[in-house]
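I have placed the structure first, in the form of structure tokens, so that the comments after it can refer back to it.
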Amino acid sequence: MKTFHIVAGILVSALSVQAETDCQVGANYCGWYLSDHLGWSTTPMKNDIQSIFHVSVDDQHAKNYMYHCNAVRQASPTTSCSGNCQGPIAHCVRAAPTVSSA
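Mapped onto mature numbering (1 follows the signal peptide of the UniProt record, and there is no 0), the consecutive letters of the sequence shown carry residue numbers -19 to -1, 1 to 83.
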């Protein structure tokens, strides 16, 4: 029975690694696209944000950063889109400035 659990654990680990799809080198991606469409884990994304920007973020915030694909399975965070990273060509959408009525 122990052998079954070990083999099952190895298969699950192998499947999660294989589920990750390559990014196109040189392209920019929203974190949500890397996670939701290409199957990337948000844990490395959060670790990279912590390392580069010295801030801790949760999964949702990591998904709203823009990333630059450096290699087929490596992308570096470039900027926080403050919850407004959109695609299909990844870009940050900034809120329109408010106009005050005088």
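We put the beta carbon where it would ideally sit given N, CA and C, even for glycine.
Remember, predicted model here, so these are calculated numbers, not experimental data.
Count the other CB atoms, across all protein chains shown, that sit within 10 Å of the CB of residue 153; report buried if there are 16 or more and exposed otherwise.
The first residue shown for the chain is -19 and the last is 83, placing residue 153 beyond what the model contains.
Which residue's Cα is closest to the Cα of N28: H72, D39 and H18?
D39
What residues are listed by DSSP as bridge partners for H49?
N9 and S57
For H35, does the three-state DSSP call read helix, strand or coil?
coil
Looking only at its own chain, which residues have a Cβ that is under 7 Å from the Cβ of I30, when we skip the five neighbours before and after it?
V36, V38, A43, Y46 and P58
Using DSSP with H/G/I as helix, E/B as strand and the rest coil, what is H72?
strand
Only counting the same chain, and skipping five residues up and downstream in sequence, which positions put a Cβ closer than 8 Å to that of N65?
N45, C73, V74, R75 and A76
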